[in-house]
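In the working numbering, the protein residues as written are 10 to 273.
For every residue, glycine included, the Cβ atom is placed at its ideal position computed from N, Cα and C.
Take a look at the structure set out below.
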């Protein structure tokens with residue numbers, strides 16, 4: 010059984026104990042990564058540029074749907090403000106390259122994609138769900154609920170280096186989690202803004218059945234129980250290369266001390 014609370018004020022994610030898609034996904038990626046981030050409260054001194062880019066893109070889109078402000082202009086203002094901020098770029102990225110990509114994508118979105126979206130019902134609405142089989146509230150922040158194709162649609166925006174495969178969208182836990190908070194939407198649309206030199210935007214339509222939601226809740230219950238029981242271990246994979254906690258796992262105390270900080 011679920012009870013939903015619609016929050017208008019931002020949730021203090023650090024101070025308020027809760028579960029969310031991102032928390033569960035971090036545990037599923039690597040339980041040790043979850044422990045270091047949420048329990049030890051370690052953070053990278055220099056933030057990942059790609060993650061910051063995605064956040065700035067989301068903010069620009071949200072401002073467009075809230076106030077009809079040109080998203081490219083919002084992006085450029087916010088990204089330019091980061092010019093003097095140290096960020097951690099991959100070998101293929103730079104501040105200027107991401108600036109050009111973001112501007113191009115948002116100009117294309119405003120020109121070609123925004124007209125496909127009709128009445129807006131909510132923008133980055135926060136839901137707190139009380140789920141009977143979970144001891145903590147489940148929190149969702151849904152990018153957009155709007156009319157599309159004549160249907161009430163849950164829309165999730167993604168910035169990515171490449172387009173998603175159809176099966177990835179059909180199995181994406183994130184939108185399954187969001188369907189918990191918006192059970193009455195008639196379809197789900199994932200909009201992928203691909204970070205290529207020539208702006209590319211792809212839409213994927215999908216949906217979730219009640220069985221899909223139940224399956225996700227069972228997964229969430231399993232993960233929540235493991236967290237409560239302090240079941241933490243290293244899960245090795247390709248993601249380790251980009252993980253800020255790699256020095257900790259390798260026992261490199263010097264590098265860990267130089268690159269990580271513990272927040273209050």
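Distance from the CA atom of residue 127 to the CA atom of residue 154, rounded to whole angstroms, is 10 Å. If you look at residue 72, you'll find it in the alpha helix (DSSP H) that goes 58-76. Per the DSSP secondary-structure output, residue 165 pairs in a beta bridge with 199. Membership of residue 149 in the beta strand (DSSP E) is indicated by the continuous run 147-157. Straight through space, the alpha carbons of residue 143 and residue 123 are spaced by roughly 38 Å. In the displayed model, residue 218 falls within coil according to three-state DSSP, outside both helix and strand. C-alpha of residue 35 to C-alpha of residue 43: approximately 6 Å in a straight line.
Ranked by how close their Cα comes to the Cα of residue 50, the residues 261, 254, 264, 262 have 254 in first place.
Contact between residue 102 and residue 169 does not hold, since the beta-carbon distance rounds to 13 Å and is not under 8 Å.
Residue 232 and residue 33 do touch by the CB rule: their CB atoms are close to 5 Å apart, below 8 Å. In this chain, residue 181 is not harboured by any beta strand (DSSP E), its DSSP state being neither H nor E. When rounded, the separation of the alpha-carbon atoms in residue 199 and residue 165 is 5 Å. Secondary structure note for residue 90: it is in no alpha helix (DSSP H), with a DSSP letter that is neither H nor E. DSSP places residue 110 in the uninterrupted alpha helix (DSSP H) bounded by 104-117.
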